[in-house]
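Working notes, structure below.
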Amino acid sequence: DDVTANVRTIKGVPLKLRENVSLPESLDVRGEIYMSNTAFSRLNTLREEAGDQVFANPRNAAAGSLKLLDARITASRRLAFFAYAVGQDPNAPVFEDTHWSALNHLKDLGLPVNEHACRVESLDEVLALCDQWQVQRKDLDYQIDGLVVKIDRLAHQAQLGFTGRAPRWCMAYKFPAEQAQTMLESIDVQVGKSGILTPVANLAPVPLAGTTVKRASLHNFDELERLDVRVGDTVVVEKAGEIIPQVVKVVLEKRPTDSHPFDLPSACPVCDHEVVRREGEVAYRCSNVTCPAVEREAIIYFASRGCMDIEGLGEKVVDQLIAANLVHDPADLYSLRTADVAAIERQGETSSVNLIAAISESKKQDLSRLLKALNITHVGQETATLLANHFKSMDELLGADLDTFLERKPGRKAEKPKINGIGPIMARSIVEVLLSPEKRQLIQRLIEAGVNTKTLETAGPTDSRLDGKMFVLTGTLTQFSRQSAKEAILNAGGKTTGSVSKKTDYVLAGDNPGSKLAKAQALGVPVIDEAAFMALMDQAPEEAKPEPGHLF
Numbered sequence: 014d015d016v017t018a019n020v021r022t023i024k025g026v027p028l029k030l031r032e033n034v035s036l037p038e039s040l041d042v043r044g045e046i047y048m049s050n051t052a053f054s055r056l057n058t059l060r061e062e063a064g065d066q067v068f069a070n071p072r073n074a075a076a077g078s079l080k081l082l083d084a085r086i087t088a089s090r091r092l093a094f095f096a097y098a099v100g101q102d103p104n105a106p107v108f109e110d111t112h113w114s115a116l117n118h119l120k121d122l123g124l125p126v127n128e129h130a131c132r133v134e135s136l137d138e139v140l141a142l143c144d145q146w147q148v149q150r151k152d153l154d155y156q157i158d159g160l161v162v163k164i165d166r167l168a169h170q171a172q173l174g175f176t177g178r179a180p181r182w183c184m185a186y187k188f189p190a191e192q193a194q195t196m197l198e199s200i201d202v203q204v205g206k207s208g209i210l211t212p213v214a215n216l217a218p219v220p221l222a223g224t225t226v227k228r229a230s231l232h233n234f235d236e237l238e239r240l241d242v243r244v245g246d247t248v249v250v251e252k253a254g255e256i257i258p259q260v261v262k263v264v265l266e267k268r269p270t271d272s273h274p275f276d277l278p279s280a281c282p283v284c285d286h287e288v289v290r291r292e293g294e295v296a297y298r299c300s301n302v303t304c305p306a307v308e309r310e311a312i313i314y315f316a317s318r319g320c321m322d323i324e325g326l327g328e329k330v331v332d333q334l335i336a337a338n339l340v341h342d343p344a345d346l347y348s349l350r351t352a353d354v355a356a357i358e359r360q361g362e363t364s365s366v367n368l369i370a371a372i373s374e375s376k377k378q379d380l381s382r383l384l385k386a387l388n389i390t391h392v393g394q395e396t397a398t399l400l401a402n403h404f405k406s407m408d409e410l411l412g413a414d415l416d417t418f419l420e421r422k423p424g425r426k427a428e429k430p431k432i433n434g435i436g437p438i439m440a441r442s443i444v445e446v447l448l449s450p451e452k453r454q455l456i457q458r459l460i461e462a463g464v465n466t467k468t469l470e471t472a473g474p475t476d477s478r479l480d481g482k483m484f485v486l487t488g489t490l491t492q493f494s495r496q497s498a499k500e501a502i503l504n505a506g507g508k509t510t511g512s513v514s515k516k517t518d519y520v521l522a523g524d525n526p527g528s529k530l531a532k533a534q535a536l537g538v539p540v541i542d543e544a545a546f547m548a549l550m551d552q553a554p555e556e557a558k559p560e561p562g563h564l565f
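Take a look at the structure:
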């Protein structure tokens, strides 16, 4: 993505470098765009007041803001930037011979460098800094999850080089997840877009990792039972990957004497239908396909940024539309008129016109987005893209059966996938959902509304540095969103898939990786972190280099 216009709105990034400082013909500056805690809190307050969905964390907010089409909106979100390194020839004379001198030179040019960056002489000093910032990070107005330690002399960096995973001349020290104790006041049971019931802890507000936490995940009822979490308990809360609050244990010595275990609901808390548990699943589900909570969540998911991307259609607006009896499923959105929207509370004429325009614009989305938005069990962005690229149209996909996906031989239990990346469980889910009368009817109404049901032609890869390489992503990435990492791989000629096999070239592992990491290690598949991934991406063709003297 070309985000130059948006980067120009960031106050800390100079539009012109200082002229009284020596400058090479070409300067490649590496750094990070971020959102401060203050700006994040302000943005979410404004979005909440407008009825828009709030951002989960500053990292997601910064990534989303940087990719906006309207630079004026990006400017209003008060992004910031830190320069971390020089990406061109590290031994260029202008930057002397150390990383530290390079940082100081960038500062002299007017680029923002973190004021807390420092140079130390021993490992003892490094360890002391790690201990110091583990405590002091709460005083920063931006979130950090660790420190990066680098060898200073650039010649030594060049000698040390890279492993298959990362540079040998630097390492990231990750802080232990920050924890806090608080009172569990109650447990809600939420019903999701697939009817899955999820227990959520309501907590006495507690500051944690830069935000005030009032609710935390309990994951599922098996985990709730394992932890034996009870109303009135004092619990320990931490943020998984510095993002998602979760209850990790109970402080048993503080448990009230009159507490009792939480009872699993036998009926849906929203529609009162029976709760069921499918064979082989951990989750409990509402058995009612027309449960109001399921319908609500399905509409919100359909309109979300990763699906049909309908700007302005947040949770509050969806609730208002449902309350006004205007929508019950995603297809109803395309029957809305400006007057319908304008009639609901806090929706003026301008916002109503904008929302209807955004809904209309979503009809042009690629088939892959529509398939993801249809909320098919096991089908996320990767699988939706696989399906769209293979079948090319909704008509072709609707004509598929299990034999389209699987090679099945009489007398053999083994089933061989015909489409790489779509195994037996996923294939059965796709066929079962798409054959259901409810989903067929919804798709037909979307077609009648003019929603695109074909795979759009794309420009293809912009270069070939990763030509044919197959990547699998696992864990929480810190420098990229998962979607932006996938897009970078595809644009460089690579491919992504959701499962590890001997055909996998690299597994890109972030924080808290799942079972894919263990499988990669068992198969001998190279596992790389984000630093090594960025090093791979830096192997750009000559023509991709910036023109001399240009900052933008």
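Each residue of the sequence shown is one higher than the last, beginning at 14 in our numbering.
Every residue, glycine too, gets a C-beta built ideally from N, C-alpha and C.
Considering only DSSP beta bridges, list what residue i is partnered with.
i, result
"Asp524", "Thr489"
"Lys482", "Paired residue(s): none; Lys482 is not in a bridge."
"Glu420", "Lys429"
"Gln259", "Ser230 and Glu251"
"Pro180", "Phe175"
"Ala96", "Gly44"
"Arg166", "Thr111"
"Thr224", "Leu221"
"Glu287", "Ala280"
"Tyr519", "Phe484"
"Thr509", "Phe484"
"Lys467", "Ser406"
"Val302", "None, per the DSSP bridge assignment."
"Val540", "Val520"
Which two residues bound the contiguous beta strand (DSSP E) that contains residue i?
i, result
"Pro218", "Ile209 to Leu221"
"Met439", "Segment Pro437 to Leu448 is the alpha helix (DSSP H) holding Met439; no beta strand (DSSP E) there."
"Glu198", "Gln192 to Val204"
"Ile46", "Val42 to Met48"
"Cys183", "Cys183 to Lys187"
"Arg298", "Tyr297 to Cys299"
"Leu119", "Per DSSP, Leu119 belongs to no beta strand (DSSP E); it is in the alpha helix (DSSP H), His112 to Asp121."
"Leu160", "Gly159 to Lys163"
Between which two residues does the alpha helix (DSSP H) holding residue i run?
i, result
"Met407", "Met407 to Leu411"
"Tyr314", "Pro305 to Ala316"
"Gly77", "Pro71 to Leu79"
"Leu549", "Glu543 to Met550"
"Glu500", "Arg495 to Asn504"
"Leu400", "Gln394 to Phe404"
"Ser381", "Leu380 to Ala386"
"Cys143", "Leu136 to Gln149"
"Arg85", "Ala84 to Ser89"
"Ile335", "Glu328 to Ala336"
"Ser514", "Segment: none, Ser514 is in no alpha helix (DSSP H) and carries neither H nor E."
Quick check on the burial criterion: 16 or more other C-beta atoms within 10 angstroms. Buried or exposed for residue i?
i, result
"Ser348", "exposed"
"Gln259", "buried"
"Pro71", "buried"
"Thr390", "exposed"
"Thr491", "buried"
"Glu308", "buried"
"Leu173", "exposed"
"His112", "buried"
"Ser381", "buried"
"Ala141", "exposed"
"Val34", "exposed"
"Asp235", "exposed"
"Arg350", "exposed"
"Ala217", "exposed"
Going by beta carbon distance, what residues of the same chain come within less than 6 Å of residue i, once the five residues before and after it are set aside?
i, result
"Thr51", "Asp154"
"Glu428", "Leu419, Arg421 and Pro437"
"Lys499", "Thr509"
"His403", "Ile432"
"Arg21", "none"
"Ala306", "Val204 and Val283"
Apart from the five residues on each side of it in sequence, which residues of its chain come closer than 7 Å, Cβ to Cβ, to residue i?
i, result
"Asp201", "Val213 and Asn215"
"Val139", "Val133 and Val162"
"Val263", "Leu240, Asp241, Val242, Asp246 and Val248"
"Asp480", "Gly506"
"Arg181", "Leu173, Gly174 and Phe175"
"Cys281", "Val204, Val288, Cys299, Asn301 and Cys304"
For residue i, which residues from the same chain have a beta carbon less than 8 Å from its beta carbon, with the 5 sequence-adjacent residues on both sides left out?
i, result
"Leu119", "Val42, Ala96, Val99 and Val126"
"Gln66", "Arg60, Ile313, Ser317, Gly327 and Glu328"
"Thr517", "Met483, Phe484, Val485, Thr510, Ala533, Leu536 and Val538"
"Ser272", "Arg243, Val244, Gly245 and Asp246"
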